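J.:
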Amino acid sequence: MAYAMLSGLPAVNGLYMAFFPVLVYIIFGSSKHNSIGTFAVVLLMTGTVSLELMEKHGSSHLHDYTITQTVALVTFAVGMWQMIMGLLRLGALSVLLSDVLVSGFTTGAAVHVLTSQLKGIFGITVPRQTRFPKLIRTHWYVLNHLKESNVVALIVSFVTMFILVINNDFVKPRLARRCSVPVPIELIAVVGGTLLSYLLNLNAEYKVPVIGEVPTGLPAPESPPLELLHDALAGSIVIAVVAYTTSYSMARIFARRLNYAIDANQELLALGLANIVGSFFQCGPVAASLSRSLIQESVGGATQIASIVSAGLIVIVLLFLGPLFEPLPRCILSSIIVVSLKGMFLQLRDLKQAWQSSKLDAMIWVATFLSVVIVDIDYGLAIGVAVSLITLLWRNQHAYACTLGEIPRTGIFVDSQRFDAADEIHNIKIFHYGAGLHFANGDHFREVLFDMTGLDPVKWHEQAIKRLKRAEKLRLQSRAPSAAVLTTSGDNSNGDSVAGSGGAAAAASAAAAANGEGHDTCCERCPLIWLNCCSFCKARTEKLDEASKGATEKFLKDSRVNFKDESVVSSTIRETFEDQQEGTNSSTEIRGIKIDRRSLSAGVSVGDCLALPGSTGLRLRRTSIHVDTTGHPLPFRYLLIDLSGIGFIDMAGVKLFKSLVQDYDRINIQVLFSGPTEPVLHMFRKMSFSDEVPQQRFFPTVQDAVMACKRKMLLSLVVLPIQSHKPVLHTVDEAVDDENSHNPDADGIVLD
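Reminder that position 706 of the sequence shown reads as 750 in my numbering, one-by-one numbering, no gaps.
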């Protein structure tokens, strides 16, 4: 009865809402414990929409439509929306309203409910405010008219609230230990207030507002004014969503606690039918009540049979006891509503919890609460949903990303920034992204990738082009002096001619070196790290192609290592690490491969110097740096993108991967992919991604991809002679000491 007054309905219509819709929900509902009936927030929103309909059609049809009819029309529209959503299987719509959003929304709506009860508590008439901000204007009006308050109504209100608070906070918890049936304090307050008003004649003597006439019996079915339905559709859809969300949330809580299943779409259909049937009996929209549902479950109600019992008691009141409630003061009903709002206001604690767990969740709570309080209930809900979706999009755009490193000797790859024990693998950069890849976060993915790997391939390529242009400019500038020297050489002696030719050759060599060619200059003066950096080395390499092939085959045969078996390679690498860390001997032998620790330089992680057995004197070395197509060192050779955290990808994401592969290929870095999920692979096939990116670049796990990269680097063997103590390979590292470097016949195997 008290909640029915929130929508402008007579108090007796609250009893109708506790009977007709409940009978329908008992038949079609899937929840065993939901107690369907009046709900403060839903009825307050219904009253707002109904009053707007009254104002819109009041000038010409004021005598035709009453508040009861407009509320019934809104109820019909709410039921229609819920039926449509149920038929369209939109039961998952409740996911749009998160727990944080619902908490902020209901807390803000509680402020509106409290404001609407001020007129009953103080016994004054408060006009409905239509100008922004409505709530603040209402409170300002009440403050300015406090002197007009009905003192008797104010005293009755405070006494009633005091009794209710004492019972709820002190008496009820103590009695609950001894008796499972709670004291019906609200019913006692209503009966006591009715007797007090009847005996003291509060309405006639002290002008205390009372309920008034309560008709006996059940109402006859009456069709709502459907000609106004088009005006009620916009406002009723919000009420439908709120009523369904609160009811489904309550049903889900009981289902999880008591281990039974509920159907979200069936709940929509049940609520829709209940509201449509109730609209023909002057009812407002119904929803599940938290307090009634908890009480019904606590006293032993295990099925909807408990709702049938309560509906039977309501029939008795309607048929026989209705007129007895006519002297009931309205201030008592307002006091009951205000005290019942305590649970909603305690949801302010959710803000503290949200702030501690996530600042974004706290922002959703604050935005929803303030928009509901300052703007209005329906607009506040829309703003809350919008803020929630924006934060969801922001979280998706700023998903967790990291570079992975391997915990030594485990094959486990973790965030290298969070775990100190994780080591990034030499020449391999592993990037992990933990969200779906789509058009909205593609740019962020690219930015994070470049930032965490420390390399932007587009900028690197642009700088390489600039370097080539500068080298070409230097080459053109060196032509004029060289030509002048050659022209004057005929007039000089033979020695001068030789000198001139030497100067021209030196200039040409310098230009070639700057241009990345470096084939006409000796190793000592070559700034690049190519093995064939001069004509001498190139010639010797061509002569030893067959020797290189034979030595490689001999190495693989002698070492007896199966490079197709990743565990063998991994164990060999781990053994090399262990022996390197022990440092007991200057050299050791693993699977027929002699490892010289004196050749190991700082920062080299895997068997940098291996001496093959026998008298060949071949040396296996792993290059510590990788270069681009112009000869400049790169931070890594392989970029491995871990797709295990990407649950889905759209067309824009596939195009992003294509562009990344092309950009990195231009600077001599190979992009690999590991751990793709089935939706990602399906999108790759639909977009013909494998036509542009070979299948050899895809691996089931990160470990598989890493071992494949190591095999590629291990099998990239080049045999070069070493004739002097000067190293053939120029790197940024210090020259590797080799005990056989003094041997002019010693050949070198360089592992790239």
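Heads up, the beta-carbon is just placed ideally off N, CA and C, and yes, glycines get one too.
Bear in mind that the values here come from a model prediction, so they are computed numbers and not experimental data.
(1) What number of angstroms, rounded off, separates the C-alpha of VAL227 from the C-alpha of ILE207?
(2) Between which two residues does the beta strand (DSSP E) carrying SER415 extend?
(3) To the nearest angstrom, report how far apart GLY328 and PRO723 are at their CA atoms.
(4) Can you give me the C-alpha to C-alpha distance between LEU50 and VAL157, rounded to a whole angstrom?
(5) Using only the alpha-carbon positions, how far apart do LEU520 and GLY455 sit?
(6) Exposed or buried, what is ALA121 when buried is set at 16 or more other beta-carbons lying within 10 Å of its beta-carbon?
(7) Given a cut-off of 8 Å on the beta-carbon distance, is the pair SER384 and ASN78 in contact?
(8) Mark HIS274 as exposed unless 16 or more other C-beta atoms lie within 10 angstroms of its C-beta, in which case mark it buried.
(9) Please work out which residues of its chain come closer than 6 Å, Cβ to Cβ, to TRP504, disregarding the five sequence neighbours upstream and downstream, and give them in chain order.
(10) With H, G and I counted as helix, E and B as strand and the rest as coil, what does DSSP make of THR447?
(11) Please list, in chain order, all residues of the same chain as PHE325 whose beta carbon is under 7 Å from its beta carbon, the five residues on each side excluded.
(12) Leaving out five residues on either side along the sequence, give the residues of the same chain with a beta carbon under 8 Å from the beta carbon of VAL502.
(13) Of all the alpha helix (DSSP H) runs that stay within the bounds of the stretch 133 to 220, which reach a length of 4 or more residues?
(14) Excluding the 5 residues flanking ARG133 on each side, which residues of the same chain have their C-beta closer than 7 Å to its C-beta?
(15) Would you decide whether GLN126 is buried or exposed? Buried here means 16 or more other CB atoms lie within 10 Å of its CB.
(16) Alpha carbon to alpha carbon, how far is ILE320 from LEU313? Give it in angstroms, no decimals.
(17) If you compare alpha carbons, which of VAL85, ARG514, ILE210, LEU481 is closest to THR159?
(18) Specify the secondary structure class of VAL715 as computed by DSSP and reduced to three states.
(19) Give me the Cβ distance between ALA318 and ILE80, rounded to the nearest whole Å; I'm assuming they're in contact under 8 Å.
(20) Under the rule that 16 or more other beta-carbon atoms within 10 Å means buried, what is HIS476, buried or exposed?
(21) Grab the span of the beta strand (DSSP E) containing VAL458 for me, first residue to last.
(22) Rounded to whole angstroms, what's the CA-CA distance from LYS178 to VAL419? Just pull it up for me.
(23) Can you check whether the CB of MET388 is closer than 8 Å to the CB of ALA154?
(24) Do you know offhand how far PRO738's Cα is from MET757's?
(25) At the level of alpha carbons, what is the spacing between ILE509 and GLN461?
(26) Between GLY486 and the rest of its own chain, which residues show a CB-CB distance below 7 Å, the 5 nearest in sequence each way excluded?
(27) Please report how far the alpha carbon of GLU257 lies from the alpha carbon of ILE71, in whole angstroms.
(28) Run through DSSP, which three-state label would ASP467 get?
(29) With 16 as the cutoff for other CB atoms within 10 Å, does ALA55 come out buried or exposed?
(30) How would you write the range of the beta strand (DSSP E) that PHE475 sits in, first residue to last?
(31) Using three-state DSSP, classify PHE72 as helix, strand or coil.
(32) Hey, how far is the Cα of PHE743 from the Cα of ILE474?
(33) Below 8 Å on the Cβ atoms is my guess for ILE306 versus SER74; work out the distance and round it to an integer in Å.
(34) For a test of the three-state rule: what should DSSP assign to PHE489, helix, strand or coil?
(35) Measure the C-alpha to C-alpha separation of ASP405 and ILE421 and round it to an integer number of angstroms.
(36) Identify every run of the beta strand (DSSP E) within the stretch 285 to 327, keeping only runs that are complete inside it and at least 3 residues long; order them along the chain.
T.: Let's see:
(1) 12 Å
(2) Per DSSP, SER415 belongs to no beta strand (DSSP E); it is in the alpha helix (DSSP H), 403 to 418.
(3) 46 Å
(4) 8 Å
(5) Going by the C-alpha atoms only, they are around 53 Å apart.
(6) ALA121 comes out buried.
(7) no
(8) exposed
(9) ILE711
(10) strand
(11) TYR60, PHE64, PRO263, PRO265
(12) ASP707
(13) Counting only unbroken stretches of 4 or more residues, the alpha helix (DSSP H) elements lying wholly within the stretch 133 to 220 are 143 to 160, 162 to 166, 178 to 188, 195 to 210, 216 to 220, in sequence order.
(14) ASN309
(15) buried
(16) 11 Å
(17) Nearest of VAL85, ARG514, ILE210, LEU481 to THR159, Cα basis: VAL85.
(18) strand
(19) Between ILE80 and ALA318 the Cβ distance is about 7 Å, and since that is below 8 Å, they are a contact.
(20) Classification for HIS476: buried.
(21) Here the beta strand (DSSP E) through VAL458 covers 456 to 459.
(22) 8 Å
(23) yes
(24) Approximately 19 Å, taken between the alpha carbons.
(25) 33 Å
(26) ALA696, GLY697, LEU700.
(27) 33 Å
(28) It is a strand residue.
(29) buried
(30) 472 to 477
(31) Correct three-state label for PHE72: helix.
(32) Our two residues, PHE743 and ILE474, have alpha carbons roughly 13 Å apart in a direct line.
(33) 5 Å
(34) Assignment of PHE489 by DSSP, reduced to helix, strand and coil, places it in the helix class.
(35) Just so you know, the alpha carbons of ASP405 and ILE421 end up roughly 20 Å apart.
(36) Whole beta strand (DSSP E) segments, 3+ residues: zero.
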